[in-house]
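Chains as they are written, first to last, in this note's numbering: chain S, 85 to 506; chain A, 85 to 506.
Following: one structure in structure tokens, then a few remarks.
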């Protein structure tokens, strides 16, 4: 693994905005689903997933049977993880609020849940039950009335039981066997079988990502996620075995994933390089992890930790581990990171699966301006204005002056109609 | 004005996603600004704004001189409006928080301001100082360190003094004379004269909107705003003069703006229709308002107020006025609205200019899932995980089981490396 000392080091990649062929394929799929509804979904499901389905909805029986097909330890862990996620996200819930003035005016914000949310869950080999929990539970805690999962079926028309079990644990009952851009179309426009939603969240392949981009505005979407990233900022107190293992835990996701060590310790840098070589050989997903480490991995040697924090803030990583002495004392130097893991027991997979924080986090430098998934993403706010007669009498002329200054006389007139009567 | 009784009535319009020519023009502009920086901005400013500028930044003198060119009443009103906006938005500020467990684990969220934000301010006839306040002040309250305004210059290279005065009141010192897609490019990529930002907000024409869509992901953007909308839900207690004046206040914005009355009173419907005809004739922007009323205006007669609320929730208007008896008692029936104005003195322009709530609101049905601009849009959240040795010892095996279930063995190994030592 290469050790670089440049502080100009950057891992930012460009956004995959698809080829023209992909974009126009997605546009055509969306249009057909909008116009033909379920029949279009049926045709595309047959073409892409190789199964013809009359009814897309997963039955109650299918859901009920899923849990029995899982290892009891996995089931227990999913249940406990779900409870931890609920606990953490329940603390994010905000109340509607208002403020009153002696003059009689009341101003406020009403905070309400979205009504219907669609959750895209990838199928096949990348079927992640943890992702079901991470997306569905914040929506539930926010008070979303209907959560709808879409997920592509296998060729035999079934859904991975781990997905169904996670949905059951999360309390999601509406699950539809459909994937790709056609599923995004169904959620956006609604079909006879699938209700239209207000927001679509969840990861997917390039077609899903492009489809979400296309429908953004008609519905809300979460940010399009890029490959996973981890930056470990470590000093000489860090254990090389832990650093290497945590870097590899992200590298195994994807050949495009990025694992970076930033350290002020030359010794640690060298030991981690050795450990990575040793550990990567032990991995079932060795080829993926090796490609990731080779192309997007790095060990960045810095003069001191402050220089390290500069690198971290420039990278704005999805996951940041602080394997340093007194991490709490240093945490205030982090400007940009999706999630921060402090100390040697806070291995990143603890957050992926279990601690209760959300694992849907901003990638590709978006932590500069974006946040992980939270209850906030499933509420909307309306402002409330109840203006008093006294305030209108006192301020009406000023409001009119501002409207006239902008050339908007009808705005001024609306105030004037009231002032006439006061 | 047409009176319709259909409850299927809808005003939703499609999103203007630009012509292919417009999209490719915007892409070319962005690419050239990315590659050539200020020189490209200079070329496009000369082409579109008909002025050649060496330095884009507005000088301190230009800013200082602006206020003197305004009517003192306007200046006083802007100052008082700014204070009201500050007061309302200061109540939205959230704190970082954490929770601790007896086991030693700490979880939390750090809430931090974005570092740099760009604010697009249209020039020419649509130069709205109120919009400067509404976009800049929430960013300031959030703690954004640098707020950067871009706004297209006149042919003589000057900026509308009302814009500069509003910027000064808001405390914004970095203002650049540039507009269109080239300004969005400069804010996204940075140039020698203009620093790159983390988020771009503010309204603009179709080229600005398309450019924001293109750069979304590299930077954050606010939602692309559509034409203005008002829905007035009124009963027989409402004054027809007020209803008509408020509807016209939105209609004068744009021939595409939409003003709709929903009422259970046939008498009110008829009187408002007459009032609109009478009042529209008095307006300087009569032609615009007439076109808006003709094409996107309606009076929708419903059987009762509950049916009216159904129509309102389907329309999900940007602005909703409740000109009904006991509006506070009924407010809970509103599911979707950007801002809600209660009672006869809460004319919509009160919110546009003065009350302190934000006038940047979701349009075109987006109130189903989106919110007005607030302090929330200028902060980012990082989750924090400090997992204790005790919790890792207790839960490590469960975390490993979840990772293995998803086929992610390196995730499991990262935990296992620690468990070996416990």
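All C-beta atoms, glycine included, are put in the ideal place defined by N, C-alpha and C.
Applying the criterion that 16 or more other CB atoms from any shown protein chain within 10 Å of the CB defines a buried residue, is residue 358 of chain A buried or exposed? As a first step, residue 358 of chain A must be located in the second chain, where it is residue number 274. With fewer than 16 other Cβ atoms within 10 Å, it is exposed.
Measure the alpha-carbon distance for residue 283 of chain A versus residue 204 of chain A and round it to whole angstroms. Numbered from 1 along the second chain, position 199 holds the residue referred to as residue 283 of chain A. Numbered from 1 along the second chain, position 120 holds the residue referred to as residue 204 of chain A. One C-alpha to the other measures close to 11 Å.
Identify every run of the beta strand (DSSP E) within the region 314 to 365 of chain A, keeping only runs that are complete inside it and at least 3 residues long; order them along the chain. Here the runs fully enclosed are 342 to 347.
Counting only runs of 3+ residues fully inside the region 270 to 318 of chain S, write out the beta strand (DSSP E) ranges in chain order. Counting whole runs of 3 or more residues, the region 270 to 318 of chain S contains the beta strand (DSSP E) stretches 283 to 285 and 313 to 318.
Would DSSP call residue 467 of chain S helix, strand or coil? Locating residue 467 of chain S in the first chain gives position 383, where the first residue counts as 1. If DSSP states are grouped into helix, strand and coil, residue 467 of chain S belongs with the strands.
Classify residue 201 of chain A as helix, strand or coil using the three-state DSSP reduction. Locating residue 201 of chain A in the second chain gives position 117, counting from the first residue. Correct three-state label for residue 201 of chain A: strand.
Does the Cβ of residue 296 of chain S have 16 or more other Cβ atoms within 10 Å, making it buried, or fewer, making it exposed? Stepping through the first chain from its first residue, residue 296 of chain S is reached at position 212. Answer is buried; the Cβ neighbour count reaches 16.
Please classify residue 410 of chain S as buried or exposed, where buried requires at least 16 other C-beta atoms within 10 Å of its C-beta. Taking the first chain and counting its residues from 1, the one referred to as residue 410 of chain S is at position 326. Exposed, since its Cβ has fewer than 16 Cβ neighbours within 10 Å.
Following the continuous beta strand (DSSP E) through residue 135 of chain S, name the residue where it begins and the one where it ends. Here residue 135 of chain S refers to the residue found at position 51 of the first chain. No beta strand (DSSP E) holds residue 135 of chain S; DSSP gives it neither H nor E.
Touch check for the region 416 to 436 of chain S and the region 356 to 376 of chain S: three-plus C-beta pairs under 8 Å? In this structure the region 416 to 436 of chain S does not lie against the region 356 to 376 of chain S, because fewer than three pairs of beta carbons, one per stretch, are closer than 8 Å.
Cβ pair residue 135 of chain S, residue 258 of chain S closer than 8 Å: The residue labelled residue 135 of chain S in the question sits at position 51 within the first chain. The residue labelled residue 258 of chain S in the question sits at position 174 within the first chain. The answer is no: Cβ separation not under 8 Å.
Three or more C-beta pairs below 8 Å linking the region 193 to 204 of chain S and the region 226 to 238 of chain S: Verdict: yes, contact present.
Opening and closing residue of the alpha helix (DSSP H) in which residue 243 of chain S lies: Position 159 of the first chain holds residue 243 of chain S. Element bounds for residue 243 of chain S: n/a, residue is neither H nor E.
Which residue marks the beginning of the alpha helix (DSSP H) containing residue 380 of chain A, and which one marks its end? Reading the second chain from its first residue, position 296 is the one you call residue 380 of chain A. Per DSSP, the continuous alpha helix (DSSP H) segment holding residue 380 of chain A begins and ends at 370 to 380.
Verify whether the separation of the beta carbon atoms of residue 291 of chain A and residue 110 of chain A is less than 8 Å. Locating residue 291 of chain A in the second chain gives position 207, counting from the first residue. Locating residue 110 of chain A in the second chain gives position 26, counting from the first residue. In contact: residue 291 of chain A and residue 110 of chain A (Cβ atoms closer than 8 Å).
Could one say the Cβ of residue 489 of chain A lies closer than 8 Å to chain S's Cβ atoms, at least one of them? Residue 489 of chain A sits at position 405 when you count from the first residue of the second chain. It does: the Cβ of residue 489 of chain A has a partner Cβ on chain S nearer than 8 Å.
Could you give the C-beta distance for residue 401 of chain A and residue 373 of chain A, rounded to a whole number, given that I count them as a contact under 8 Å? Here residue 401 of chain A is taken as the residue at index 317 of the second chain, counted from 1. Here residue 373 of chain A is taken as the residue at index 289 of the second chain, counted from 1. For residue 401 of chain A against residue 373 of chain A, the beta-carbon gap comes to about 18 Å, at or over 8 Å, which does not count as contact.
Take every Cβ of the region 426 to 443 of chain A, pair it with every Cβ of the region 425 to 433 of chain S, and state whether three or more of those distances are shorter than 8 Å. Contact between the region 426 to 443 of chain A and the region 425 to 433 of chain S is absent, because fewer than three Cβ pairs lie under 8 Å.
I want to see whether chain S comes within less than 8 Å of residue 432 of chain A, judged by CB atoms only; does it? As a working mapping, residue 432 of chain A is identified with position 348 in the second chain. Yes, residue 432 of chain A lies at the interface with chain S (some Cβ there is under 8 Å from its Cβ).
If you follow the beta strand (DSSP E) that residue 261 of chain A is part of, which residue opens it and which one closes it? By one-based count along the second chain, residue 261 of chain A stands at place 177. Per DSSP, residue 261 of chain A belongs to the beta strand (DSSP E) from 258 to 261.
Simplified DSSP assignment, three categories, for residue 412 of chain A: Looking up residue 412 of chain A in the second chain gives position 328. It is helical.
Could you list which residues in chain S have their beta carbon closer than 7 Å to that of residue 378 of chain A, in chain order? Looking up residue 378 of chain A in the second chain gives position 294. Ordered by position in chain S, no residue passes the 7 Å Cβ test against residue 378 of chain A, which lies about 15 Å from the chain.
Contact set between residue 368 of chain A and chain S, taken where Cβ atoms lie within less than 7 Å: As a first step, residue 368 of chain A is located in the second chain; it is residue number 284 there, counting from the start. Within chain S, the residues near residue 368 of chain A are 493.
C-alpha distance - residue 280 of chain A paired with residue 159 of chain S, whole-angstrom precision: Your numbering for residue 280 of chain A matches position 196 in the second chain. Your numbering for residue 159 of chain S matches position 75 in the first chain. Taking the straight line from one Cα to the other gives about 47 Å.
What in chain S is Cβ-close to residue 162 of chain A, meaning under 8 Å? Counting from 1 along the second chain, the entry for residue 162 of chain A is found at position 78. Correct list: 486.
So, residue 470 of chain S versus residue 190 of chain S, is the Cβ gap smaller than 8 Å? Translated into positions along the first chain, residue 470 of chain S becomes position 386. Translated into positions along the first chain, residue 190 of chain S becomes position 106. In this structure, residue 190 of chain S lies closer than 8 Å to residue 470 of chain S by Cβ.
So for residue 190 of chain S, helix, strand or coil by DSSP? One-based indexing of the first chain puts residue 190 of chain S at position 106. Looking at residue 190 of chain S - three-state DSSP - the assignment turns out to be strand.
Name, in chain order, the residues that DSSP records as bridge partners for residue 423 of chain S. If you number the first chain from 1, residue 423 of chain S lands on position 339. S/403 and A/467, per the DSSP bridge assignment.
Any residues in the region 435 to 446 of chain A with a beta carbon nearer than 7 Å to a beta carbon of chain S? Which ones, in chain order? For the region 435 to 446 of chain A, which is checked against every Cβ of chain S, the residues closer than 7 Å are 435, 436, 437, 438, 439, 440, 441 and 442.
Option in S/271, S/177, S/184 and S/168 with minimal Cα separation from residue 172 of chain A: As a working mapping, residue 172 of chain A is identified with position 88 in the second chain. Looking at the Cα atoms, S/184 is the closest of the given residues.
Check each candidate in S/487, S/379, S/403 and S/363 and name the one with the smallest Cα separation from residue 339 of chain S. To locate residue 339 of chain S, count along the first chain from 1; it is residue 255. When C-alpha distances from residue 339 of chain S are compared across S/487, S/379, S/403 and S/363, the shortest belongs to S/379.
Below 8 Å between beta carbons: does that hold for residue 468 of chain A and residue 196 of chain A? By one-based count along the second chain, residue 468 of chain A stands at place 384. By one-based count along the second chain, residue 196 of chain A stands at place 112. No.
Please list, in chain order, all residues of the same chain as residue 302 of chain S whose beta carbon is under 7 Å from its beta carbon, the five residues on each side excluded. Taking the first chain and counting its residues from 1, the one referred to as residue 302 of chain S is at position 218. Take residue 302 of chain S, set aside five residues on each side of it, and the residues of its chain with a beta-carbon closer than 7 Å to its own are 272, in chain order.
Sequence ranges, beta strand (DSSP E) only - wholly within the region 138 to 189 of chain A, length at least 3: Counting whole runs of 3 or more residues, the region 138 to 189 of chain A contains the beta strand (DSSP E) stretches 181 to 184.
Helix, strand or coil: how does DSSP classify residue 235 of chain S here? Your numbering for residue 235 of chain S matches position 151 in the first chain. Residue state, collapsed to three classes: strand.
According to DSSP, simplified to helix, strand and coil, what is residue 428 of chain A? Walking along the second chain from the start, residue 428 of chain A turns up at place 344. In this structure, residue 428 of chain A counts as coil in the three-state DSSP scheme.
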